[in-house]
Each structure stands twice: as C-alpha cells, then as structure tokens.
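In this note's numbering, the protein residues as written are 6 to 267.
Heads up, the beta-carbon is just placed ideally off N, CA and C, and yes, glycines get one too.
Remember, predicted model here, so these are calculated numbers, not experimental data.
Below: one structure, written as structure tokens.
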Amino acid sequence: MYQQHVPITRSQQVAQNVYVLEFQSEAIAAQAIPGQFLNIRPSRFNDPFLRRAYSIHRVMGDRLEIIYNVVGKGSALFAEAKVGEMMDILGPLGTPFHLEGEYSRAVLVSGGVGIAPMPFLSDWLLKQGKHVVNIYGARTAAMIAADGRLHNPRYATDDGTLGHHGNVVGLLERYLAEEGTEGLRAFACGPNKMLMALGDFCQLRGLPLEVSLECQMACGIGICQGCPVEMATGDRKYTLVCTHGPNYNYNDIRLESIPAVH
C-alpha cells in the first residue's frame with residue numbers, strides 16, 4: 006500500500022454523468038490486482054476531508070483508471086479536475102477477487118458504474134487463458150460507459166435502447182441457455198438489488214458467484230469500522246468490506262445488511 010500525490014493524465018466524460026480519471030503511478034500500478042480499490046481526494050483540498058473509495062478500473066503500464074458517477078461534492082471536484090492536477094491516492098486497498106480454482110470461462114456481470122472493476126478483471130483473466138464475456142446493464146444507452154474497450158460485451162438496457170430489452174439477469178439467462186454453465190464462474194458488481202436478484206438466480210443454477218460490493222468506506226483500512234457486512238457463513242458475525250472485501254462469495258454474506266449507495 007502506498008500514499009502518493011500523483012498527476013492526472015486523462016479526464017474524460019464517457020457516459021451520462023459518468024467520468025474516467027487516469028493517474029500515473031508506477032508503484033501502485035505494479036502492485037494492483039483486480040478487485041482492489043483506491044482511496045482518493047484532490048491534493049489541493051481538505052474539504053471534503055474524507056477520501057472517496059473507487060475500484061481500479063484499468064491498469065495500463067504505469068497508469069491506472071477509475072470510473073465514477075458525479076453524486077456529491079467530492080466527485081464533482083474530480084469532474085472539474087484538469088490533466089496535470091495532483092491527486093492524493095492511498096492504495097491499492099482491499100482483498101482482490103478470488104481468481105484461483107478450476108474454471109475455463111468467466112461471465113462478468115455489471116450494472117451502471119458497477120462496471121468499475123470489470124475491465125481490469127477481464128484483462129487479467131484473458132492473460133490466464135480464460136474465455137471472458139461481459140454482461141453490462143444500465144437504464145438507457147446513454148448511461149452505458151464501456152467506451153469501446155470492453156471485451157466481448159453483451160448489453161442490456163431497461164428501455165431497450167441498446168441490446169437486450171430488460172435487465173442483466175434476463176440477459177444472463179439467455180447467455181446460459183446458449184452456452185451452459187460447464188467450467189463457468191460469475192463475477193458481479195452493481196447496485197445491491199441487482200446483486201441480490203443475480204445471487205438468487207445463480208444459486209438456483211449452481212453457478213458460483215463472486216460479488217464486488219459498493220458501499221461507503223471512509224478510511225479504507227479498517228480503522229473507522231464504518232463498512233461492516235453481516236456474514237452468513239464462518240465464525241465471524243461481521244467483516245469489514247474495506248479489508249476482508251470488497252469481494253465475497255455471494256453465499257457467504259447477507260447483502261441486505263449493507264446500505265445501498267444507489
């Protein structure tokens with residue numbers, strides 16, 4: 006884990022109210038693993054005082070990307086930031102996706118800015134020789150933030166303006182009808198309601214599912230104790246999303262114990 010003041014190398018709007026920030030940090034990029042996150046604040050401000058947690062979206066050499074919605078004061082400052090401006094970054098943080106095990110295929114399911122960890126995960130799995138499909142949903146086509154670089158995408162929109170007319174669970178059902186579940190693992194990130202519907206669907210079909218949780222994380226390192234998730238298995242009643250997570254086997258947690266951030 007490093008704390009660094011690093012320069013912005015790209016800032017771009019990629020969808021309706023959705024932006025990408027790219028930073029340069031050789032040390033953080035070299036250490037990052039899919040599913041980890043960064044805690045960030047603009048270097049020139051102490052207001053808001055608390056950092057914001059963002060999944061690592063992509064790693065390209067010595068550069069990293071995050072993707073985010075503008076929802077409050079902190080993210081609005083990010084959207085106004087210019088190339089060359091410095092950001093105060095702590096990371097990489099969190100426990101990565103659990104990528105071990107016997108599987109030859111992976112389906113990555115995301116909703117809205119839940120797309121955040123998926124390009125990095127997709128690139129990593131492809132390098133391991135896995136066959137990867139990305140299922141990505143949003144309310145409308147204008148909110149799809151794939152910027153043309155998502156591997157093997159299948160889209161779902163609530164209003165039918167792009168791809169499957171419906172949600173990601175319906176699109177996953179269509180995919181499984183075509184390809185089956187042999188050798189397949191699922192990874193997902195998005196709103197809690199989406200994850201719970203997806204979890205129920207995967208449980209009925211015996212499809213292993215790992216979810217990357219979205220929640221408020223003030224410190225990112227387990228000190229503030231502000232991001233507990235109730236466990237459904239094991240000896241611990243609760244774990245902290247920032248340290249034990251944000252990635253969990255869906256069957257191991259009680260997702261309803263986490264306040265929604267959407």
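Residue i - containing alpha helix (DSSP H), residue span
i, result
"Arg179", "Val173 to Glu184"
"Phe83", "Lys78 to Glu85"
"Gln230", "Looking at the DSSP string, Gln230 is not in any alpha helix (DSSP H), and its letter there is neither H nor E."
"Asn197", "Asn197 to Arg210"
"Ala161", "Not the alpha helix (DSSP H): Ala161 falls in the beta strand (DSSP E), residues Pro158 to Thr162."
"Asp128", "Met123 to Lys132"
Top-ranked residue by Cα proximity to residue i, from the options
i, options, result
"Gly188", "Asn197, Ala202 and Gly211", "Gly211"
"Ala63", "Ile71, Arg57 and Arg56", "According to the sequence as given, residue 63 is Arg; it is not Ala. The residue with the shortest Cα to Cα distance from Arg63 is Ile71."
"Ala90", "Met123, Phe28 and Tyr255", "A quick correction: the sequence has Glu, not Ala, at residue 90. It is Phe28."
"Ile228", "Ala202, Thr244 and Pro213", "Thr244"
"Arg110", "Ser80, Val137 and Gly119", "Val137"
"Leu200", "Lys78, Asn139, Gln36 and Gly119", "Gly119"
"Glu105", "Pro213, Glu261 and Ala202", "Pro213"
"Leu130", "Cys220, Gln36, Ala191 and Arg179", "Ala191"
"Cys194", "Ala81, Leu209 and Glu219", "Glu219"
"Tyr108", "Gly134, Met123 and Gln36", "Gly134"
"Ala84", "Gln18, Cys224, Gly66 and Ser127", "Gln18"
Chain-order list of residues whose beta-carbon lies under 8 Å from that of residue i (same chain, five-residue window excluded)
i, result
"Ala86", "Ile13, Ser16, Leu26, Pro47 and Met92"
Proximal residues to residue i (C-beta, below 6 Å), its chain only, five neighbours per side dropped
i, result
"Arg291", "Lying before the first or after the last residue shown, residue 291 is absent from the chain, which here runs from 6 to 267."
"Ala223", "Leu55, Cys229 and Gly231"
Residues near residue i by beta carbon distance below 7 Å, same chain, minus five either side
i, result
"Ile149", "Ala20, Tyr141, Ala143, Tyr160 and Leu167"
"Asn2", "The chain is shown from 6 up to 267; residue 2 falls before or after that span and cannot be answered."
"Ala146", "Thr162, Thr166 and Leu167"
Contact check, residue i vs residue j, beta carbons under 9 Å
i, j, result
"Ile33", "Val11", "yes"
"Pro101", "Asn252", "yes"
"Tyr7", "Val75", "no"
"Pro122", "Ser217", "yes"
Limits of the unbroken beta strand (DSSP E) element including residue i
i, result
"Glu215", "Leu214 to Ser217"
Residue-chain proximity (residue i, chain C), Cβ-Cβ < 9 Å
i, result
"Thr14", "Given the protein chain composition of this structure (a single chain), no chain C is represented."
- prompt: So does the region 37 to 49 actually touch the region 81 to 96, counting three or more Cβ pairs closer than 8 Å?
  reply: yes
message: Quick test of the definition: if touching needs 3 or more C-beta pairs under 8 Å, does the region 170 to 177 touch the region 112 to 130?
response: yes
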